[in-house]
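Have a look at the structure below, then the notes.
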Amino acid sequence: MPKPIEATNDFVVKFANVNGSGSASANELFARSILRMGVPIASRNIFPSNIQGLPTWYEVRVSGEGWLGRRGGVDLMVAMNPQTWDKDVASIDPGGYLFYDSSKPLPPSKFRPDIMVIGMPLTEICNRTYTDPRQRQLFKNIIYVGALTALMGIGAEVVESLIREQFKGKERLLEPNFKALHIGRDYASEHLEGLCKLKVERSDLVGDRIFLEGNDAIGLGCVYGGASVAAWYPITPSTSVAESFNAHCRKLRVDPETGENRFAIVQAEDELAAIGVVIGAGWNGARAFTATSGPGISLMQEFFGLAYFAEIPAVVFDIQRGGPSTGMPTRTQQSDILLCAYASHGDTKHVLLFPEDPRESFDFAAEALDLAERLQTPIFVMSDLDIGMNQWLCEPLAWDEARRYDRGKIMTAEMLESGMDFGRYLDVDGDAIPYRTLPGTHPTRGAYFTRGTSRDRYAKYSEEGAVYVDNMQRLLRKFETAKLLVPKPVVHQAARKARFGVIYFGSTAPAMAEALDALGKRGLWVDAMRIRAFPFSDEVIEFVNAHEQVFIVEQNRDGQMRTLLINEGAIDPARIVSIPHYDGAPITARFILAEVAERLGQLEPRLEGAAE
Amino acid sequence: MSYLAKPKFRHKGLEQNALGFTHRDYEGAISTLCAGCGHDSISAALIQACFELDIEPHRVAKLSGIGCSSKTPDYLLGQSHGFNSVHGRMPSVLTGANLANRELIYLGISGDGDSASIGIGQFVHAVRRGVNMMYVCENNGVYGLTKGQFSATADTGSKSKAGGINADSPIDLVSLALIAGATFVARSFSGDKTQLVPLLKAGIAHKGAAVIDVVSPCIAFNNHAGSTKSFDFVRAHNEAVNRLDFLEGREAIKLDQAPGTVEDVVQHDGSVIRLHKIRDDYDPRDRVKAMDYLQQRHAAGEMVTGLLYLDPEPRDLHAGLNTVKAPLNRLDERALCPGAAALTALNDEYRAG
Numbered sequence: 002m003p004k005p006i007e008a009t010n011d012f013v014v015k016f017a018n019v020n021g022s023g024s025a026s027a028n029e030l031f032a033r034s035i036l037r038m039g040v041p042i043a044s045r046n047i048f049p050s051n052i053q054g055l056p057t058w059y060e061v062r063v064s065g066e067g068w069l070g071r072r073g074g075v076d077l078m079v080a081m082n083p084q085t086w087d088k089d090v091a092s093i094d095p096g097g098y099l100f101y102d103s104s105k106p107l108p109p110s111k112f113r114p115d116i117m118v119i120g121m122p123l124t125e126i127c128n129r130t131y132t133d134p135r136q137r138q139l140f141k142n143i144i145y146v147g148a149l150t151a152l153m154g155i156g157a158e159v160v161e162s163l164i165r166e167q168f169k170g171k172e173r174l175l176e177p178n179f180k181a182l183h184i185g186r187d188y189a190s191e192h193l194e195g196l197c198k199l200k201v202e203r204s205d206l207v208g209d210r211i212f213l214e215g216n217d218a219i220g221l222g223c224v225y226g227g228a229s230v231a232a233w234y235p236i237t238p239s240t241s242v243a244e245s246f247n248a249h250c251r252k253l254r255v256d257p258e259t260g261e262n263r264f265a266i267v268q269a270e271d272e273l274a275a276i277g278v279v280i281g282a283g284w285n286g287a288r289a290f291t292a293t294s295g296p297g298i299s300l301m302q303e304f305f306g307l308a309y310f311a312e313i314p315a316v317v318f319d320i321q322r323g324g325p326s327t328g329m330p331t332r333t334q335q336s337d338i339l340l341c342a343y344a345s346h347g348d349t350k351h352v353l354l355f356p357e358d359p360r361e362s363f364d365f366a367a368e369a370l371d372l373a374e375r376l377q378t379p380i381f382v383m384s385d386l387d388i389g390m391n392q393w394l395c396e397p398l399a400w401d402e403a404r405r406y407d408r409g410k411i412m413t414a415e416m417l418e419s420g421m422d423f424g425r426y427l428d429v430d431g432d433a434i435p436y437r438t439l440p441g442t443h444p445t446r447g448a449y450f451t452r453g454t455s456r457d458r459y460a461k462y463s464e465e466g467a468v469y470v471d472n473m474q475r476l477l478r479k480f481e482t483a484k485l486l487v488p489k490p491v492v493h494q495a496a497r498k499a500r501f502g503v504i505y506f507g508s509t510a511p512a513m514a515e516a517l518d519a520l521g522k523r524g525l526w527v528d529a530m531r532i533r534a535f536p537f538s539d540e541v542i543e544f545v546n547a548h549e550q551v552f553i554v555e556q557n558r559d560g561q562m563r564t565l566l567i568n569e570g571a572i573d574p575a576r577i578v579s580i581p582h583y584d585g586a587p588i589t590a591r592f593i594l595a596e597v598a599e600r601l602g603q604l605e606p607r608l609e610g611a612a613e
Numbered sequence: 071m072s073y074l075a076k077p078k079f080r081h082k083g084l085e086q087n088a089l090g091f092t093h094r095d096y097e098g099a100i101s102t103l104c105a106g107c108g109h110d111s112i113s114a115a116l117i118q119a120c121f122e123l124d125i126e127p128h129r130v131a132k133l134s135g136i137g138c139s140s141k142t143p144d145y146l147l148g149q150s151h152g153f154n155s156v157h158g159r160m161p162s163v164l165t166g167a168n169l170a171n172r173e174l175i176y177l178g179i180s181g182d183g184d185s186a187s188i189g190i191g192q193f194v195h196a197v198r199r200g201v202n203m204m205y206v207c208e209n210n211g212v213y214g215l216t217k218g219q220f221s222a223t224a225d226t227g228s229k230s231k232a233g234g235i236n237a238d239s240p241i242d243l244v245s246l247a248l249i250a251g252a253t254f255v256a257r258s259f260s261g262d263k264t265q266l267v268p269l270l271k272a273g274i275a276h277k278g279a280a281v282i283d284v285v286s287p288c289i290a291f292n293n294h295a296g297s298t299k300s301f302d303f304v305r306a307h308n309e310a311v312n313r314l315d316f317l318e319g320r321e322a323i324k325l326d327q328a329p330g331t332v333e334d335v336v337q338h339d340g341s342v343i344r345l346h347k348i349r350d351d352y353d354p355r356d357r358v359k360a361m362d363y364l365q366q367r368h369a370a371g372e373m374v375t376g377l378l379y380l381d382p383e384p385r386d387l388h389a390g391l392n393t394v395k396a397p398l399n400r401l402d403e404r405a406l407c408p409g410a411a412a413l414t415a416l417n418d419e420y421r422a423g
């Protein structure tokens, strides 16, 4: 038996439960009690495409240092699901802990000699205390939360205050929950004292940070960004974007005098109709968005081509999940990048934004609504299940009161009246962005016919090659303009001059931050760049060219961002090495560390040796 | 052909409507459809309907999908914005446009391929949502642009120009509209302008989902013996249940026909639909009986035309969504953005510690 892991404010707890057993809220209570102790956490749901019965996990990373990615490995497994017992037990780090329901004796072969086993007869206690089977199940969860918090040194008052907040308005539920909590705590102090060396110590490292889901942040960002039309079709993991927009609108967008809504939400019959509604609304001057996932993006392809070619603003939130096909609907990936970048038939290119967390999801939602109108084209915000459906600890949301929406180039009745030349596809400013008019603007000027067929600068139908090429070239130049408007990459220079670089984006960010720190501690210096948008600004390409070798870490099999970089940046493929992670679970710091260190070792054996 | 500029000459004696517009102000580009196409007659009827209703042309938005019919918005209302979208998806685009600005008049122009095949889902769903629009299906039972394949509205047993016999059952768009909850349903014939124009006027004035199926023979690919959508066949089997006049509120309401054969239906906005009954027993306010009658006459080989169903008190999508009266596309930051103070309060709600 190795020495049991001793750690304060730095460990990983994983709960293995049965879906639909009421464990989610109890597990969140556990996580929040650590936050309430002032210690940062990152929690992630790993759940099945199922309502009841299949296995589900909840992982809590406790990190006083503030690492918010998945670390990898498990220090304490709370094994509540017999279906997954063997794998769960096998996943514990040597010296780690297994907390389990010991009501029924298990043969020694079910355990491991190199871990610390903490048994508690949960079922027996519940059966003794409760008669109602549903209560037995629900309070069992609270009882283990009581035991775990006691074992880790989290005060009862911390958990109680959270329970009080949770059941505000339903006070009759307080007493039974307190009772269950204390049954767990009492048992732990009487029978399990000193067994667990994973401790939480009160700290003040959380600050004024907030804890919210990316999809919720997008819904709110759309309210702030001025979206007034939303159309969507339910699909995991994007559904809660529309639900959040709806909930926030009901609080923030109802006319106080009339009770009428300053928003319209349509649950469409499918994704095709959802994007059609968005394009119709965008054409007619309302800010509109849809939220979907990979399969929905596949269905919307034809419309994306129309919006690109006819130049209509639209915002699409792609909450990516595991593909292809139905793939892994409840697991995370970054595998729609090429699908979105070149969506639809013919020559197309689209603007993509890659938020790193819920806070940036909020910012990019509002930003996307501006960019869509400025550039008159679809903007894709590439979130994923990890950001979208997990609560993340992040900086508070901010809004500049002086900010005005960028409505782009809209020719008004006054401008038309003054005799300005209106050509719907005419580049008057040299930025390749033409003016548009909204329907109903002027009795005799500015009307035009929008179409997906080729047309001249004045929107007149034309099948002439030169006219078609002229327009297609302008669209390319417009994409160059987009390059200047989209968020720039974020570069982290290594503490010492580095010959190698690493590129990442989206939800990989927190795991990468921890991995970079660990690499530095081992004397492995790499510069890092987080891509935030496509088209790539010049800085992105310069970063690649400034390093002998660049690793690109992405959560898909084929290195889609690498392909995009090579294609758009005219980069020698040998310069960029792909580090793919695509099993559907969020990427971990340990994975990145190992992969980068190994490749650095291959490139420069001396370096790896020096790090030991 | 459209590359020929339309002459700007205007005859001084042209009739003007209340806004001082002439017919010419409601015209569009020159049609590129075949000479004699039924669709051009429908465009002419739409122009006349808008002229007679004194509509400001720029207050109309014309939307369509793909196909011969979907090209026609270009050939009328040249001062209106038009949107030739993608095949079968006009209803969703129109829905979005309508949500953005509820003040315009929305004209959805479609064909039978667009509405009954690729876009049948969108057609039904836009109707069931009660989008305030007039949805015109220019129905010729055939794919013209791809040269003569049967469409989903072709009757069983009808013969294609190439000689094939259609074995499939037809989709009846008016029955579909009735089932989906349309609050105004009519059928007409492109060759019968006297029936069609008042129906279009009433459909435009209707404040809900108005569907008009207009049988419109394809002169090039579906006007032969054996087709049930040819001019001759439709004329021989057209069974009109009524004819109507559409009267706006300010027009004097005076009956000049024998009582019992004429009935006035007053709509919510005060306009009146004056029904000249041809079938005494046909009541266009009874949805269930209308469906029953349509099925019976279809079984007898007849094509029922006229105003088939009308709900004078329709409820549209905006009512269901309880949206503000002002068009959403006109709301600014003050109306849309909750501001920094509200975000501070939200941050407190989301606070972690």
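Chains A and B, in that order, are what the protein sequence lines are.
Just so you know, our numbering puts the end of the first sequence at 613, numbered straight through with nothing missing.
Just so you know, our numbering puts the end of the second sequence at 423, numbered straight through with nothing missing.
The beta carbon of each residue, even a glycine, is placed where N, CA and C say it ideally should be.
Report back the beta-carbon spacing between A/A248 and A/R288 to the nearest angstrom; my notes put them in contact at under 8 Å.
Looking up residue 248 of chain A in the first sequence gives position 247. Looking up residue 288 of chain A in the first sequence gives position 287. About 19 Å separates the two Cβ atoms, so there is no contact after all.
Within its chain, find whatever has a CB closer than 6 Å to the CB of A/D205; leave out the 5 residues flanking it on each side and keep chain order.
-> To locate residue 205 of chain A, count along the first sequence from 1; it is residue 204. Contacts found: G39.
Item to complete: Measuring only between beta-carbons, confirm whether B/Q86 sits less than 8 Å from chain A.
Response: Looking up residue 86 of chain B in the second sequence gives position 16. No, no contact with chain A.
Legend entry - Integer Cβ distance of B/F254 from B/T375, believed to fall under 8 Å: Looking up residue 254 of chain B in the second sequence gives position 184. Looking up residue 375 of chain B in the second sequence gives position 305. Contact doesn't hold; Cβ gap of about 15 Å is too wide.
Between B/I343 and B/F316, what straight-line distance do the alpha-carbon atoms span, to the nearest angstrom? Within the second sequence, numbered from 1, the residue matching residue 343 of chain B stands at position 273. Within the second sequence, numbered from 1, the residue matching residue 316 of chain B stands at position 246. Taking the straight line joining both Cα atoms gives about 5 Å.
From the DSSP output, in three-state form, read off A/E609 for me.
Reading the first sequence from its first residue, position 608 is the one you call residue 609 of chain A. Because the pLDDT of A/E609 is 43, which lies under 50, any placement of that residue in the model is unreliable, and the number read from its coordinates should be weighed accordingly. Correct three-state label for A/E609: helix.
#### Entry: Three-state class that DSSP yields for B/H368 in the structure shown
Walking along the second sequence from the start, residue 368 of chain B turns up at place 298. In this structure, B/H368 counts as helix in the three-state DSSP scheme.
At least one CB of chain B closer than 8 Å to the CB of A/V159: is that the case?
Start at 1 with the first residue of the first sequence, and residue 159 of chain A comes out as number 158. It does not: the Cβ of A/V159 has no partner Cβ on chain B nearer than 8 Å.
Only counting the same chain, and skipping five residues up and downstream in sequence, which positions put a Cβ closer than 6 Å to that of A/I219? What you label residue 219 of chain A is simply residue 218 of the first sequence in a count that begins at 1. These residues qualify, in order along the chain: V242, F318, S362, A366.
Note the first and the last residue of the continuous alpha helix (DSSP H) segment covering A/A189.
In the first sequence, counting from the first residue as 1, residue 189 of chain A sits at position 188. That run of the alpha helix (DSSP H) goes 175 to 192.
Next item on the list: Establish whether the CB of B/N171 and some CB of chain A are separated by less than 8 Å.
Entry: The residue given as residue 171 of chain B occupies position 101 in the second sequence. Yes, because at least one Cβ of chain A sits closer than 8 Å to the Cβ of B/N171.
- Query: Can you tell which of A/S162, A/Y131, A/D217, A/A269 has its C-alpha closest to the C-alpha of B/Y420?
  - Reply: Looking up residue 420 of chain B in the second sequence gives position 350. It is A/D217 whose Cα lies nearest to the Cα of B/Y420.
(request) Name the residue from B/G137, B/C120, B/D353, B/G135 whose alpha carbon lies nearest to the alpha carbon of B/R129. (result) Position 59 of the second sequence holds residue 129 of chain B. Of the listed residues, the one whose Cα sits closest to B/R129 is B/C120.
Self-check item: Beta-carbon neighbours of B/T165, restricted to chain A and to distances below 9 Å
Solution: Looking up residue 165 of chain B in the second sequence gives position 95. Correct list: A232, V267, A269, A274, G277, V278, G281, A282.
Test: B/Q149 CB closer than 8 Å to a CB of chain A: As a first step, residue 149 of chain B must be located in the second sequence, where it is residue number 79. Yes, B/Q149 lies at the interface with chain A (some Cβ there is under 8 Å from its Cβ).
Check this for me: beta carbons of B/S111 and B/K217, under 8 Å apart or not?
The count along the second sequence starts at 1 and reaches residue 111 of chain B at position 41. The count along the second sequence starts at 1 and reaches residue 217 of chain B at position 147. No.
Neighbour list for A/S229 in chain B, Cβ cutoff strictly below 7 Å | The residue you call residue 229 of chain A lines up with position 228 of the first sequence. Near A/S229 (Cβ distances below 7 Å), the residues of chain B are L398, L401, L406.
Exercise. Report the residue ranges of all beta strand (DSSP E) runs contained in full by the segment 540 to 613 of chain A; include only those spanning at least 3 residues, in chain order.
Key: 550 to 555, 577 to 581
Exercise for the section: Output, in chain order, the set of chain A residues within a Cβ distance shorter than 8 Å of B/L416. Expected result: Sequence index remark: in the second sequence, residue 416 of chain B carries index 346 (1-based). Residues of chain A passing the Cβ test: L221, L398.
- Query: With burial defined as no fewer than 16 other Cβ atoms inside 10 Å of the residue's Cβ, what is the status of A/K171: buried or exposed?
  - Reply: Within the first sequence, numbered from 1, the residue matching residue 171 of chain A stands at position 170. Exposed, by the Cβ-count rule.
* Going by DSSP, name the residue or residues bridged to A/W58. => Sequence index remark: in the first sequence, residue 58 of chain A carries index 57 (1-based). Partner(s): A/A17, A/I47.
**Under 8 Å from the C-beta of B/E126: neighbouring residues of chain A** = For the purposes of this step, residue 126 of chain B is taken as the residue at position 56 of the second sequence. By Cβ distance, chain A contributes P444.
- Cut-off 6 Å between Cβ atoms - residues of its own chain near A/W68, not counting five sequence neighbours on either side: Along the first sequence, one-based indexing puts residue 68 of chain A at 67. Taken in chain order, the residues that qualify are E515.
* To do: Could you please give me the residues that DSSP links to A/W233 through a beta bridge?
  => Taking the first residue of the first sequence as position 1, residue 233 of chain A is located at position 232. DSSP output for A/W233 lists A/Q268 as bridge partner(s).
Note to self: Assuming B/I175 is part of the beta strand (DSSP E), what are its boundary residues?
What the structure shows: Translated into positions along the second sequence, residue 175 of chain B becomes position 105. From DSSP, the beta strand (DSSP E) with B/I175 extends over 175 to 181.
*Using a Cβ-Cβ cut-off of less than 9 Å, list which residues of the segment 180 to 209 of chain A approach chain B; keep chain order.*
D205, V207, G208, D209
Quiz item: Got a sec? Which residues, its chain only, sit under 7 Å from B/I323 by beta carbon, not counting five neighbours each side?
Solution: Position 253 of the second sequence, counted from the start, is the residue given in the question as residue 323 of chain B. Note on B/I323: pLDDT 49, under 50, position unreliable in the model; no value is reported.
| field | Selected residue, minimal CA-CA separation from A/I338, among A/Y426, A/I155, A/G585, A/G507 | value | Counting from 1 along the first sequence, the entry for residue 338 of chain A is found at position 337. A/I338 has its Cα closest to that of A/G507, out of A/Y426, A/I155, A/G585, A/G507.
Give me whichever residues DSSP pairs with A/K200 in a beta bridge.
Counting from one through the first sequence, the residue named residue 200 of chain A turns up at place 199. According to DSSP, which records beta bridges pairwise, A/K200 is partnered with A/T9.
ask   = Starting from A/W68 and walking both ways along the beta strand (DSSP E), at which residues does that stretch end?
value = In the first sequence, counting from the first residue as 1, residue 68 of chain A sits at position 67. No beta strand (DSSP E) holds A/W68; DSSP gives it neither H nor E.
Alpha-carbon to alpha-carbon, A/P435 and B/S239:
For this step, residue 239 of chain B is matched to residue 169 along the second sequence. For this step, residue 435 of chain A is matched to residue 434 along the first sequence. Cα to Cα, B/S239 sits roughly 48 Å from A/P435.
In three-state DSSP terms, what is B/L416? Taking the second sequence and counting its residues from 1, one reaches residue 416 of chain B at position 346. B/L416 falls in the helix class under three-state DSSP.
- Query: Which residues bound the alpha helix (DSSP H) around A/C250?
  - Reply: Reading the first sequence from its first residue, position 249 is the one you call residue 250 of chain A. 240 to 253 is the extent of the alpha helix (DSSP H) around A/C250.
Skipping 5 residues on each side, what residues in its chain have a beta carbon closer than 8 Å to that of A/G453?
Within the first sequence, residue 453 of chain A is the residue found at index 452, counting from 1. Counting only Cβ-Cβ distances below 8 Å, and skipping sequence neighbours, we find G306, L307, F310, A311.
Quiz item: According to a CB-to-CB cut-off of less than 7 Å, which residues of the segment 107 to 126 of chain B neighbour chain A?
Solution: E126
Open item on the list: Starting from A/P379, trace the beta strand (DSSP E) in both directions and tell me its first and last residue.
Closed with: One-based indexing of the first sequence puts residue 379 of chain A at position 378. A/P379 -> beta strand (DSSP E) spans 379 to 385.
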